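In this note's numbering, the protein residues as written are 1015 to 1307. Heads up, the beta-carbon is just placed ideally off N, CA and C, and yes, glycines get one too. From a predicted model like this one, the values you see are computed outputs, not experimental measurements. For reference, the structure is listed below as structure tokens.
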Amino acid sequence: MKVGGATAPIAFLAVLAALLVSCAGTTATASVTPLAFPRTATYWLEQNEIPAVEELARYDLVVIDSEWGHRLERSDFERLRALNPDIVLLAYVNLVDYRPELGSAGYYADRYALWQFRDSTTSTFPEEWLARTARGARVSEWPDTVMANLADTAPRIDGRTYAEYAARWVVDQVWSTGLWDGVFLDVWGDRIYGASHTRWDVDADGDDDPEVRIYGPDSPWERGVTSAERIMRQAMPDAILVATATARSATACSTAASSRASPIPGPGGTPPPTSAVTSARPRARVTGGPASR
């Protein structure tokens, strides 16, 4: 697997070791059953550069920031699929970490839309949707960011919680481009580890709540995340939804990744069928090319 700009061939070595073990006791005439699942992947989160199309086409699974959907030409995506018709493309999104400053609107169009930026330092994003203590201190789980409140008890703005709003953003801003096979949800699950405050006002009632009343099974945070998943799954029935987080009850089995990653269930609580991996293809024409930062 390739992460960022560094190569970490752990998955490759594991597969190679398994093949060597199995081949040791197999005759030369034995048939080999093709593996239907992705075996190689790259997880590329650099913002200022991206590997060449020919390099990305070498992998079965490619995760890149959703912003590359408008930074690259549509022809780049078409060539990528022409070189590797079975490639699985996932758009990386982070719905939790609000950054008070961004680059240009052209370069960060998706983030400008999600966080309601007017320019690089001015945002109209509702303060009520940011995690805060009862005294107004902002909660952060990553340097230079503020944590958004995904709980179902978060204040409603225009009739919806932030979790519901964010889910619709994924559907309308990212999935609607028709470029992706699915979405890779970072910082996603029934709890947040490493938050700057262990007590904060999750329901805006003026009192700080301990972590046991914020996170965990059937908690405000878990219910909010689940509501977002249901919105995404209903609006994107063919999409592959992958989350890096803790495994939660009722969210299907987990699979190995750099952290724990779980397929998000389809209708009825069951994971989407394996065929969904190769059935989703570009659905809409997207215009626009590279933009300067």
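Assigned secondary structure, residue i (DSSP; H/G/I helix, E/B strand, else coil)
i               : result
isoleucine 1254 : strand
tryptophan 1235 : helix
arginine 1205   : coil
serine 1289     : With a pLDDT of 28 at serine 1289, under the threshold of 50, the predicted position of this residue should be treated as unreliable, though the coordinate-derived value follows. Here serine 1289 sits in coil by DSSP.
tryptophan 1058 : strand
alanine 1249    : helix
arginine 1149   : coil
alanine 1242    : helix
Test item: CB-CB of residue i and residue j under 7 angstroms
i               : j               : result
valine 1160     : tyrosine 1112   : yes
aspartate 1195  : isoleucine 1254 : yes
leucine 1103    : valine 1076     : yes
tryptophan 1214 : threonine 1147  : yes
glutamate 1142  : proline 1169    : yes
alanine 1177    : glycine 1238    : yes
isoleucine 1206 : valine 1216     : no
alanine 1249    : leucine 1199    : no
glutamate 1243  : alanine 1209    : no
leucine 1094    : alanine 1071    : yes
Cβ neighbour criterion (16 or more within 10 Å) applied to residue i
i              : result
threonine 1240 : buried
arginine 1085  : buried
serine 1080    : buried
Cutoff 6 angstroms; reference residue i; Cβ partners in own chain excluding five residues on either side
i              : result
glutamine 1129 : Note that residue 1129 corresponds to tryptophan in the displayed sequence, not to glutamine. So the qualifying residues of the chain are Tyr1112, Ser1137 and Phe1139.
alanine 1105   : Ser1080, Val1188, Trp1194 and Val1197
leucine 1109   : Ala1180
proline 1157   : none
Cβ-based neighbour list, residue i, same chain, cut-off 8 angstroms, excluding 5 preceding and 5 following
i             : result
arginine 1149 : none
glycine 1173  : none
Sequence-distant residues of the same chain with beta carbon closer than 7 angstroms to residue i, five excluded per side
i             : result
arginine 1182 : Ile1245
proline 1052  : Asp1074, Leu1075 and Val1102
Subject >> Uninterrupted beta strand (DSSP E) stretches inside the stretch 1174-1232 (no shorter than 3 residues) >> reply: 1196-1200
Original post:
Which parts of the stretch 1061-1138 are runs of the beta strand (DSSP E), unbroken and 3 residues or longer, counting only runs that do not cross its ends?
Top reply: 1075-1079, 1102-1108 and 1131-1133
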